[in-house]
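Those letters in the sequence shown? Residues 0 to 72, per numbering that gives the first Met the number 0, in order. Virtual Cβ for every residue (Gly too), placed ideally from N, Cα, C. Quick notes on the structure that follows.
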Amino acid sequence: MTRQLTAIVEREGNGYVALCPEVDVASQGDSVAEARQNLEEALALFFETASTEEIERRLRNEVYVTHVEIAVG
């Protein structure tokens, strides 16, 4: 079975951090591609090792990524 999850990647210092908000799993890498690949590996490990209860507790079925516009200053 496969599941489509969200990956948010942002620059942090000299590298990148990738986050999956559905299960609150993160990883990092020296490039966007590496951070994404490392996140995929971390997610696979999480789903392989976490109990059903842990997965159900952490899994958010609806995550929306959008933009907001606000006045600054």
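Check, Outcome
"Would you mind working out which of Val8, Asp23, Glu9 sits nearest Glu55, comparing C-alpha positions?", "Asp23"
"Pro20 to Leu4, Cα distance in whole Å?", "8 Å"
"So, helix, strand or coil for Gln27, using DSSP?", "strand"
"Suppose contacts are defined by Cβ-Cβ distances below 9 Å. Is Ala34 in contact with Ala17 by that definition?", "yes"
"Compute the beta-carbon to beta-carbon distance between Ala6 and Leu38, rounded to the nearest angstrom, for a pair I have assumed lies under 8 Å.", "6 Å"
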